[in-house]
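Trainee: What follows is a single structure, and I will ask about it in a moment.
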Amino acid sequence: MISADAARNVVGIIGNVISFGLFLSPVPTFYRICKAKDVEEFKADPYLATLLNCMLWVFYGIPVVHPNSILVVTINGIGLVIEAAYLTIFFIYCDNKKRKRALAVLAVEIVFMVIVVVSVLLAAHTHEKRSMIVGILCVIFGAMMYASPLTVMGNVIKTKSVEYMPFSLSLVSFLNGVCWTAYALIRFDLYVTIPNALGTFFGMVQLILYFCYYKTTPKKEKNVELPTVVSGNVRGGAGGNVSVTVER
1 MISADAARNV VGIIGNVISF GLFLSPVPTF YRICKAKDVE EFKADPYLAT
51 LLNCMLWVFY GIPVVHPNSI LVVTINGIGL VIEAAYLTIF FIYCDNKKRK
101 RALAVLAVEI VFMVIVVVSV LLAAHTHEKR SMIVGILCVI FGAMMYASPL
151 TVMGNVIKTK SVEYMPFSLS LVSFLNGVCW TAYALIRFDL YVTIPNALGT
201 FFGMVQLILY FCYYKTTPKK EKNVELPTVV SGNVRGGAGG NVSVTVER
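Position one of the sequence shown corresponds to residue 1 (the UniProt record's numbering), numbered consecutively onward.
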């Protein structure tokens with residue numbers, strides 16, 4: 001019979017694969033930016049939020065904070081590199097005003113992370129205390145990002161159209177949440193469970209809304225941005241959940 005640790009590793013690896021796909025979902029947006037050599041109306045906010053989220057989860061998953069969470073570190077480390085690449089492209093092609101604003105936010109995030117890392121390592125002397133402090137921060141910042149899908153879902157209900165809520169992304173977000181919730185429950189981890197359970201719930205709601213309003217959606221093509229904000233074990237092994245912001 002397969003052991004709990006082996007099952008957890010298998011689920012975590014599957015979660016890594018799904019989360020990796022979600023991290024790559026904004027690639028068409030940045031291909032468009034590179035081709036046009038202009039960020040147009042796109043914003044750096046989703047990528048800055050995801051970057052901070054990945055930094056927090058990488059710190060959470062390292063052995064000195066929360067042992068036996070290497071799969072949390074791997075996917076969020078990959079996400080960190082991908083989001084940094086997105087932001088680099090954004091900085092290259094945005095105007096000075098947007099660049100200064102985004103750099104200011106990035107500087108604040110880096111200072112915040114330095115403070116968190118130094119404070120936790122010096123003030124908390126057990127894995128339990130370190131996990132609790134960093135885990136609470138991960139849950140708080142992850143929950144804040146779930147406001148983005150709520151806005152999209154509200155727009156779906158208002159317009160009776162799923163035009164800006166792609167089915168494939170909603171489905172993958174739901175599966176990602178399910179996968180990482182299962183990962184967290186096998187060897188119970190409260191701080192990974194909460195954001196990913198929320199991600200599962202919001203993903204399920206998005207799917208329900210899609211099936212409710214698909215037939216009333218106008219049949220026309222639009223260019224949309226599909227950035228992902230991964231939190232949870234993508235955060236936590238995979239961003240348990242992924243917030244999706246859609247912009248014209």
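No residue lacks a Cβ here, since even glycine has one placed at the ideal position from N, Cα and C.
Alpha carbon to alpha carbon, how far is K160 from L106? Give it in angstroms, no decimals.
Mentor: Residue 106 sits at position 106 when you count from the first residue of the sequence shown. Residue 160 sits at position 160 when you count from the first residue of the sequence shown. Computed Cα separation, rounded: 37 Å.
Trainee: When you compare only the Cα positions, how much space is there between V111 and N176?
Mentor: Taking the sequence shown and counting its residues from 1, the one referred to as residue 111 is at position 111. Taking the sequence shown and counting its residues from 1, the one referred to as residue 176 is at position 176. When rounded, the distance between both Cα atoms is 30 Å.
Trainee: Measuring straight from C-alpha to C-alpha, what distance separates K129 and K100?
Mentor: Taking the first residue of the sequence shown as position 1, residue 129 is located at position 129. Taking the first residue of the sequence shown as position 1, residue 100 is located at position 100. Going from the Cα of K129 to the Cα of K100 covers about 37 Å.
Trainee: Is DSSP giving S170 helix, strand or coil here?
Mentor: Working through the sequence shown from its first residue, we reach residue 170 at position 170. DSSP places S170 in helix when its eight states are reduced to three.
Trainee: Tell me, to the nearest whole angstrom, how far the beta carbon of F42 is from that of T29; I am working on the premise that it is less than 8 Å.
Mentor: Position 42 of the sequence shown holds residue 42. Position 29 of the sequence shown holds residue 29. Confirmed, Cβ separation roughly 6 Å.
Trainee: Leaving aside the five residues before and after M55 along the sequence, list all residues of the same chain whose C-beta is less than 6 Å from its C-beta, in chain order.
Mentor: Looking up residue 55 in the sequence shown gives position 55. Once the five neighbours on either side are set aside, the close Cβ partners of M55 are M113.
Trainee: Below 7 Å CB to CB, which residues in the same chain sit around A7 once its five sequence neighbours on both sides are set aside?
Mentor: Counted from its first residue, the sequence shown places residue 7 at position 7. Excluding positions up to five away in sequence, the list reads I186.
Trainee: For A197, which residues in the same chain have their Cβ closer than 6 Å to its Cβ, ignoring the five residues on either side in sequence?
Mentor: To locate residue 197, count along the sequence shown from 1; it is residue 197. Excluding residues within five positions, the ones whose Cβ falls inside 6 Å are T181.
Trainee: Which of the three DSSP states, helix, strand or coil, is assigned to N68?
Mentor: Within the sequence shown, residue 68 is the residue found at index 68, counting from 1. Three-state result, N68: coil.
Trainee: First and last residue of the alpha helix (DSSP H) that includes D5?
Mentor: Along the sequence shown, one-based indexing puts residue 5 at 5. First-last of the alpha helix (DSSP H) with D5: 4 to 23.
Trainee: If you count every other CB in all the chains shown that lies within 10 Å of the CB of V156, and 16 or more means buried, which is it?
Mentor: Taking the first residue of the sequence shown as 1, we reach residue 156 at position 156. Counting Cβ neighbours within 10 Å, V156 comes out buried, since at least 16 surround it.
Trainee: Residues in its own chain within less than 8 Å of S170 by CB, not counting five upstream and five downstream?
Mentor: Numbered from 1 along the sequence shown, position 170 holds the residue referred to as residue 170. Hits under 8 Å: G203, Q206, L207, Y210, V244.
Trainee: Using the C-alpha atoms, what's the distance from S131 back to K35?
Mentor: Locating residue 35 in the sequence shown gives position 35, where the first residue counts as 1. Locating residue 131 in the sequence shown gives position 131, where the first residue counts as 1. About 43 Å.
Trainee: How long is the line joining the alpha carbons of A104 and D5, rounded to whole angstroms?
Mentor: Your numbering for residue 104 matches position 104 in the sequence shown. Your numbering for residue 5 matches position 5 in the sequence shown. Looking at the two C-alpha atoms, the distance is approximately 42 Å.
Trainee: Would you check if the distance between the CB atom of G135 and the CB atom of Y31 is smaller than 8 Å?
Mentor: What you label residue 135 is simply residue 135 of the sequence shown in a count that begins at 1. What you label residue 31 is simply residue 31 of the sequence shown in a count that begins at 1. No; because the gap between Cβ atoms is not below 8 Å, this pair is not in contact.
Trainee: So, for I194: in the same chain, excluding its five sequence neighbours on each side, which residues have a beta-carbon less than 6 Å away from its beta-carbon?
Mentor: The count along the sequence shown starts at 1 and reaches residue 194 at position 194. Only V139 meet the Cβ criterion.
Trainee: So, A179 versus I78, is the Cβ gap smaller than 8 Å?
Mentor: Position 179 of the sequence shown holds residue 179. Position 78 of the sequence shown holds residue 78. The identity of residue 179 in the sequence shown is Cys, whereas the question assumes Ala. For C179 and I78, no; Cβs fall outside 8 Å.
Trainee: Under a three-way DSSP split, which group does I133 fall into?
Mentor: To locate residue 133, count along the sequence shown from 1; it is residue 133. Of the three classes helix, strand and coil, the one that applies to I133 here is helix, per DSSP.
Trainee: Quick one: grab the DSSP three-state call for D38.
Mentor: As a working mapping, residue 38 is identified with position 38 in the sequence shown. Residue state, collapsed to three classes: coil.
Trainee: Does the Cβ of V39 have 16 or more other Cβ atoms within 10 Å, making it buried, or fewer, making it exposed?
Mentor: Within the sequence shown, the letter at position 39 stands for residue 39. Buried, because 16 or more other Cβ atoms sit within 10 Å of the Cβ of V39.
Trainee: Using 10 angstroms around the beta-carbon of G232, count the other beta-carbons present and answer buried if the total reaches 16, otherwise exposed.
Mentor: Along the sequence shown, read from residue 1 onward, the residue named residue 232 stands at position 232. Any reading at G232 is ruled out, since the residue's pLDDT is 47, under 50, leaving its predicted position unreliable.
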